[in-house]
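S.K.: Residue numbers are given in full-length UniProt numbering: position 41 of the sequence shown equals residue 41, and the series is strictly consecutive.
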Amino acid sequence: MDRPNPITPGLLIGFAIAVAFGIALPHLVSDFITYQFTLAMAWAIAMLGLNVLTGYNGQFSIGHSAFFAAGAYSAAIFIHHFGWGPYEAIVAAALISFVFGFLFGLPALRLEGLYLALATFALAVATPQLLKFDAFEHWTGGVQGIFVPKPDPIVSSISADQSLYYVALFIILFLMVITWCLLHSRSGRALM
1 MDRPNPITPG LLIGFAIAVA FGIALPHLVS DFITYQFTLA MAWAIAMLGL NVLTGYNGQF
61 SIGHSAFFAA GAYSAAIFIH HFGWGPYEAI VAAALISFVF GFLFGLPALR LEGLYLALAT
121 FALAVATPQL LKFDAFEHWT GGVQGIFVPK PDPIVSSISA DQSLYYVALF IILFLMVITW
181 CLLHSRSGRA LM
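1. Is there contact here, the segment 153-168 with the segment 96-108, by at least three beta-carbon pairs under 8 Å?
2. Is Ala110 helix, strand or coil when you go by DSSP?
3. Does DSSP put Val143 in a helix, a strand or coil?
4. Please return the same chain residues whose Cβ sits closer than 7 Å to the Cβ of Gly49, not counting the five positions on each side in sequence.
5. Looking at C-alpha atoms only, which residue of Thr179, Thr54 and Gln36 is the closest neighbour of Leu116?
6. Kindly give me the distance between the Cβ atoms of Tyr35 and Asp161, rounded to whole angstroms, as I take these residues to be in contact under 8 Å.
7. Closer than 8 Å to a non-hydrogen atom of the ligand NAP - does that hold for the CB of Leu39?
8. If we require 4 or more residues per run, which alpha helix (DSSP H) segments fall completely within the segment 56-115?
9. Starting from the C-beta of Ile79, find all residues in its chain whose C-beta is less than 7 Å away, skip the five residues before and the five after it, and write them out in chain order.
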């Protein structure tokens with residue numbers, strides 16, 4: 001497999017234009033459309049990790065939804081049941097997803113191909129059932145889930161939807177840079 005492309009002037013210019021457009025977007029569209037872009041960025045964050053595993057490493061995973069659910073539910077539980085602020089809960093949720101993925105990944109390191117796909121498929125099937133399990137229903141809300149209201153804006157001059165959008169934009173840009181650094185490191189080149 002080819003090595004990832006180095007940073008070129010065209011790549012930097014294209015990335016800068018995309019970031020500038022991303023920063024301006026919430027001021028050009030309605031709050032509803034802004035919220036839709038925020039949800040799209042949340043899914044893009046999940047796909048970024050899946051791209052590293054499947055696209056660069058060549059391993060097939062169906063269980064990324066379980067890690068996504070672990071982060072989403074832990075953030076919702078921290079906010080709803082413990083009264084945490086949304087931004088502290090996001091950081092804690094990221095750490096919990098990381099630990100969950102790490103603990104699942106340790107035994108899965110020895111698996112590849114069909115066996116890894118089956119293990120991650122089992123994880124993807126088991127996770128929704130665990131979240132709906134009667135013993136956890138008080139925490140997870142069962143089939144109804146947990147309602148979490150939109151947080152107050154970080155800056156008073158923007159709406160709550162715009163604030164969430166900028167948080168998601170910051171997170172995805174940060175993770176894109178981390179992913180790029182990983183893929184261009186010695187460990188990342190070993191993945192390919």
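In this text, a Cβ means the ideal position worked out from N, Cα and C, and glycines have one as well.
M.R.: This is what the structure gives:
1. In the pairwise beta carbon analysis, the segment 153-168 is classified as not touching the segment 96-108: fewer than three pairs are separated by under 8 Å.
2. Before going on, a small fix: residue 110 reads as Arg here, not Ala. Assignment of Arg110 by DSSP, reduced to helix, strand and coil, places it in the coil class.
3. Reduced to three states, the DSSP call for Val143 is helix.
4. Only His64 meet the Cβ criterion.
5. The shortest C-alpha to C-alpha distance from Leu116 to any of Thr179, Thr54 and Gln36 is the one to Thr54.
6. Right, the Cβ-Cβ distance comes to about 5 Å (below 8 Å), so this counts as a contact.
7. Questions concerning the ligand NAP fall outside what the structure shown contains, since it holds no ligand whatsoever.
8. Correct list: 64-82 and 86-108.
9. Closer than 7 Å at the Cβ level, and outside the excluded window around Ile79, lie Pro86, Ala89 and Val148.
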